[in-house]
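J.: Quick note: the sequence shown uses numbering that gives the first Met the number 0, first residue 0, plus one each step.
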Amino acid sequence: MTTPTCTPRLPVMIGSWNAIPAIAHAAQRLQGNTPLLDAIVDGIALVEDDPDEMSVGYGGLPNEDCVVELDAAVMEGVSHRSGAVAGLRGVRHAARVALEVMRRTDHSLLVGEGARKFAALLGFPDENLLTDRARKAWLDWKANLSERDGWIAPDQAASSFGTARWAGRTPHGLTAPEMLAPDAPPPKVPFTYGTIHVSAVDAAGNLASCTSTSGLSYKIAGRVGDSPVVGAGLYTDNSVGSAGATGRGESVLQVCGAHTIVQRMEAGDSPTDACLFTLKKIADRTRLSHLRDAKGRPTFNVTLYALRKDGVFGAASMHEGYEFAVLDGVAPRAASAAWLYPKD
Ligand code: ASP
């Protein structure tokens, strides 16, 4: 695989497909001399505010108890410090809280009620993050869980998503392949992995990253994926580069995804090759039969993002057909990710 070339002029930012507005905003903030990590977190806050982005912040799909639980982390290259929150309820700007954990504490991860209390002490407003749209998605999920329980969908055709829910785009605005392998059968109920990640290098060659998510939809309460875990959902080493991950978090956690990418770049891999190496590792170590298709390929997707200190970048997905966001010139744009497995 070849590494996409980029204009060597810094800053360069890369991120998940949904990060274009975040990157545009972060680039503007950088021009106003906002520190790099603050600029990234400010950009991500825009997406956390968006009720139509159902995988991040306010409006994110809830857990199995119909409560939105957010995970986020930040990492700064210069200080080699990080901050994170997991299972955070009631506070939409999870990435900002993660940044405060980094700046105001000697800890790197606060979870659950402790994270919420910490945010409250800093003046973050406490609010209900569940939108009507996300609540209706949860009701559909609940009604389709089993034919034996007491929950029924009163009128599937007229339910919140109707029968054409998988016609191209899902009700929550994510493309179906973002969630599952492209040839996976459409699930009966809207479901998503989904996350925002941004890695960036500024004009001085310093790096930073942030990942924020509502995680796996309808997850068991308390489930935490890769996003707030340094070395899995993100990792930044100021002398090498920065990396991040979206997609099935359990698989990324089990290979220390973002750290592996940065290590491979340090050893000389191009960013794209470092992502492909890590995806191959995930695929090779996916042993459970329900996670493998008839050809032995993972049934889920993971997309990995890598940015080298010199501004060279790459991204790769488990399956063909995914995009990522990049800013290597004036305006952010979508680019095609490399892939491990082509479409049949
Ligand atoms: N990686 C996130 C998680 O597992 C979700 C995603 O990126 O799709 O929580």
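We put the CB at the ideal spot given by N, CA and C, even for glycine.
Could you tell me the alpha carbon to alpha carbon distance between G42 and K294, rounded to whole angstroms?
T.: The residue you call residue 42 lines up with position 43 of the sequence shown. The residue you call residue 294 lines up with position 295 of the sequence shown. Each residue's alpha carbon lies about 40 Å from the other.
J.: One question on the structure: do V251 and G232 come within less than 8 Å of each other, judged by their Cβ atoms?
T.: The residue given as residue 251 occupies position 252 in the sequence shown. The residue given as residue 232 occupies position 233 in the sequence shown. A contact, by the Cβ cut-off of 8 Å.
J.: So which residues put a beta carbon under 7 Å from any heavy atom of ligand 3, going in chain order?
T.: Absence of ligand 3 is noted for the structure shown, with ligand 1 being the only ligands found.
J.: So D70 and P227 are supposed to be a Cβ contact under 8 Å. How far apart are they, rounded?
T.: Residue numbering aside, residue 70 sits at position 71 when the sequence shown is read from its first letter. Residue numbering aside, residue 227 sits at position 228 when the sequence shown is read from its first letter. At roughly 4 Å, the Cβ-Cβ gap stays under 8 Å, so D70 and P227 are in contact.
J.: In terms of residue numbering, what span does the beta strand (DSSP E) encompassing A336 cover?
T.: By 1-based counting over the sequence shown, the position of residue 336 is 337. Counting along the chain, A336 falls outside any beta strand (DSSP E), and DSSP gives it neither H nor E.
J.: Take V100 as the anchor and find which of S78, P297, A72, P124 has the nearest alpha-carbon.
T.: Residue mapping note: residue 100 aligns to position 101 of the sequence shown, counting from 1. Nearest C-alpha to V100: A72.
J.: Could you name the residues of the same chain whose beta carbon sits closer than 7 Å to that of F276, not counting the 5 residues immediately before and after it, in chain order?
T.: For the purposes of this step, residue 276 is identified with residue 277 of the sequence shown, where counting begins at 1. If we look at F276 and ignore the five residues flanking it on each side, its Cβ neighbours are R263, D268.
J.: Is N205 buried or exposed, if buried means 16 or more other CB atoms sit within 10 Å of its CB?
T.: Residue numbering aside, residue 205 sits at position 206 when the sequence shown is read from its first letter. Its Cβ being crowded by 16 or more others within 10 Å, N205 is buried.
J.: Leaving out five residues on either side along the sequence, give the residues of the same chain with a beta carbon under 6 Å from the beta carbon of Y340.
T.: Against the sequence shown, residue 340 aligns to sequence position 341. R296, H318, listed in sequence order.
J.: Please give me, in chain order, every unbroken run of the beta strand (DSSP E) with length at least 3 that falls completely inside the stretch 190-263.
T.: Runs of the beta strand (DSSP E) inside the stretch 190-263: 195-200, 206-212, 233-236, 240-246.
J.: Between G256 and D225, which are expected to be in contact by the criterion C-beta below 8 Å, what is the C-beta distance as a whole number of angstroms?
T.: Taking the sequence shown and counting its residues from 1, the one referred to as residue 256 is at position 257. Taking the sequence shown and counting its residues from 1, the one referred to as residue 225 is at position 226. So it is a contact: roughly 6 Å between Cβ atoms.
J.: Provide the residue(s) that pair with F323 in DSSP beta bridges, ordered along the chain.
T.: The residue given as residue 323 occupies position 324 in the sequence shown. Looking at the DSSP assignment, F323 forms a beta bridge with S15, A334.
J.: Using the rule of at least 16 other Cβ atoms within 10 Å of the residue's Cβ for burial, across every protein chain shown, is D272 buried or exposed?
T.: Residue 272 sits at position 273 when you count from the first residue of the sequence shown. D272 is buried by the Cβ-count criterion.
J.: Under the three-state reduction of DSSP, which class applies to V311: helix, strand or coil?
T.: Working through the sequence shown from its first residue, we reach residue 311 at position 312. Residue state, collapsed to three classes: coil.
J.: In chain order, what residues of the same chain lie with their CB nearer than 8 Å to the CB of I422, ignoring the 5 residues before and after it?
T.: What is shown of the chain runs 0 to 343, which leaves residue 422 out entirely.
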